[in-house]
Structures are given as C-alpha cells and as structure tokens.
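> Every position in the sequence shown, counted from 1, becomes a number in my numbering once 628 is added.
Cβ coordinates follow ideal geometry from the N, Cα and C atoms, glycine included.
Everything numeric in this text was worked out from a predicted model, so none of it was measured.
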Amino acid sequence: MRNTLDNLLNAAGIVISDKQKNLLIQYVDMLNKWNKAYNLTSVRDPQQMLVRHIMDSIVVEPHLHGQRFIDVGTGPGLPGIPLAIVRPDSHFTLLDSLGKRVRFLRQVQHELQLENITPVQSRVEEFPAEPPFDGVISRAFASLHDMISWCNHLPARPAGRFYALKGVLPEDELSSLPQGVSLDQVVRLSVPDLEGERHLVVLKPN
Numbered sequence: 629m630r631n632t633l634d635n636l637l638n639a640a641g642i643v644i645s646d647k648q649k650n651l652l653i654q655y656v657d658m659l660n661k662w663n664k665a666y667n668l669t670s671v672r673d674p675q676q677m678l679v680r681h682i683m684d685s686i687v688v689e690p691h692l693h694g695q696r697f698i699d700v701g702t703g704p705g706l707p708g709i710p711l712a713i714v715r716p717d718s719h720f721t722l723l724d725s726l727g728k729r730v731r732f733l734r735q736v737q738h739e740l741q742l743e744n745i746t747p748v749q750s751r752v753e754e755f756p757a758e759p760p761f762d763g764v765i766s767r768a769f770a771s772l773h774d775m776i777s778w779c780n781h782l783p784a785r786p787a788g789r790f791y792a793l794k795g796v797l798p799e800d801e802l803s804s805l806p807q808g809v810s811l812d813q814v815v816r817l818s819v820p821d822l823e824g825e826r827h828l829v830v831l832k833p834n
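#1: So, at 8 angstroms on beta carbons, what are the nonlocal neighbours of Ser810 in its own chain, with the 5 sequence-adjacent residues on each side left out?
#2: Can the beta-carbon of Arg767 be found less than 7 angstroms from the beta-carbon of Pro747?
#3: What residue does the alpha helix (DSSP H) around Thr721 start on, and which one ends it?
#4: With a CB to CB cut of under 6 angstroms and the five nearest residues on each side skipped, what residues in its chain are close to Gly708?
#5: Can you look up His681 in the DSSP assignment and give me helix, strand or coil?
#6: Would the segment 645 to 659 and the segment 728 to 744 be scored as touching if the rule is three or more Cβ pairs under 8 angstroms?
#7: Counting beta carbon pairs with one atom in the segment 748 to 764 and one in the segment 776 to 788, are three or more of them shorter than 8 angstroms?
#8: Could you tell me if Ala787 is buried or exposed, where buried requires 16 or more neighbouring beta carbons within 10 angstroms of its beta carbon?
#9: So is Lys647 buried or exposed if we call it buried at 16+ other beta carbons inside 10 Å?
#10: Would you kindly report the start and end of the unbroken alpha helix (DSSP H) that includes Asp774?
#11: Could you give the DSSP three-state label for Leu727: helix, strand or coil?
#12: What are the residues that DSSP puts in a beta bridge with Pro783?
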C-alpha cells in the first residue's frame, strides 16, 4: 500500500513526511477493518480508499485558510482525519450524529495519537460554535443551500469560509445560494486515478 500512496502523492505533487504517510496508511487499515463490521463506507478495497478517500481529501489542504476547522457530517473522518494528518498545526473538530462513526473516530484518535482532532457526536444545527471556526468543511454532506442553513452559525465573520467538496460543479446550487453568503471561489481539483470531476466550492459569509 505504501508504494501506491507514494505514487499517488508524486502524481499530485504533494510532499509529506514518512510519519504522515504511515499515519495515513494506519488510518486506511483501521477504516478497512472497522468497515467490515460497521459499514462506514461503500468503498471496500483499501487501494481504492487511498484514491477515493485519502487523496480526494488532502488535495484540498493548500486551499484552506486558518487554524481551526470543523468537518460537518464527517462520517468516518473524511476529509477531516487525512487533513489533520497532513496539517498537524491546525485543529479539526469532527462532527457526526451517528454514534458508531464517532466511536470509530475516537479509536482512530487513540491509536494514531492525533492531538489535533476532536470527535463530537451532535447534529450540526445543535452544535455551538464557541468560538467560531476559520473554516466549515463538508464532503458529500448536503446541498450548498442546506449546508449554509444548517451551518450558518459556525464560521467566524468576516474571515471564515465554507468549504464544500463537490463532484461535477453544481451550477444550479450556485445560482440559488441563500442570503447571507456569496461565492468566494471555485477550485477545480485534480485527484490522481480518480474518474470524474472534483471541485472545491468556497463561500464567504456576508
């Protein structure tokens, strides 16, 4: 698996330490093991997890600004855990409403000794942002409209941002953004060996 990860990182032009690579592989091993009992992801092949979960998460890292982030609807920790591994100086709150997912996240935190993540079981609209976050991140969580309506209390103003990981650019969602936010930028992402388009939509609260 290490050779596959090295090749993917080289293709993406991403440079990380051996320790970070080992942590990413440990995470995939844990996800694969727990997935057989708890059905945390539809991806069953660890090699595909490297592409569709690890690389698809960490290509976002250069576009994040700030130190405190919240990953809403994180599921098994995506993209929050890979981002926390490659960005150790930032802190990531990992929010999910399902207990089995949060139990997995706490086990990952313990086994990988990740001090820069905080797993939380909560519905996003009930979670207090004290203090507000530099970035609110979502991946396969909700439409842009729902993300904003549920998470509007989470980002700092005016500097905070919403970061939504999307596949094909959702033109219809962008044309009907709710009041209180505006489009900051759209970044076309390149994920080695991943078919289909990937985009990062960055929104700013007004």
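Reading off the structure:
#1: Stepping through the sequence shown from its first residue, residue 810 is reached at position 182. The answer, listed in chain order, is Leu831, Lys832 and Asn834.
#2: To locate residue 767, count along the sequence shown from 1; it is residue 139. To locate residue 747, count along the sequence shown from 1; it is residue 119. Their beta carbons are not under 7 angstroms apart, which means Arg767 does not touch Pro747 by this criterion.
#3: In the sequence shown, counting from the first residue as 1, residue 721 sits at position 93. Note, Thr721: premise wrong, no alpha helix (DSSP H); beta strand (DSSP E) at His719 to Asp724.
#4: Position 80 of the sequence shown, counting from 1, holds the residue named residue 708. Here the set comprises Asp699, Thr702, Phe720 and Leu722.
#5: Numbered from its first residue, the sequence shown carries residue 681 at position 53. If DSSP states are grouped into helix, strand and coil, His681 belongs with the helices.
#6: yes
#7: yes
#8: Residue 787 sits at position 159 when you count from the first residue of the sequence shown. It counts as exposed.
#9: Walking along the sequence shown from the start, residue 647 turns up at place 19. When all chains shown are included, Lys647 counts as exposed.
#10: Walking along the sequence shown from the start, residue 774 turns up at place 146. Its alpha helix (DSSP H) spans residues Leu772 to Cys779.
#11: For the purposes of this step, residue 727 is taken as the residue at position 99 of the sequence shown. Looking at the sequence itself, residue 727 is Gly, so the reference to Leu does not match. In the structure shown, Gly727 sits in a helix (DSSP, three-state: H, G or I).
#12: Translated into positions along the sequence shown, residue 783 becomes position 155. Answer is Phe761.
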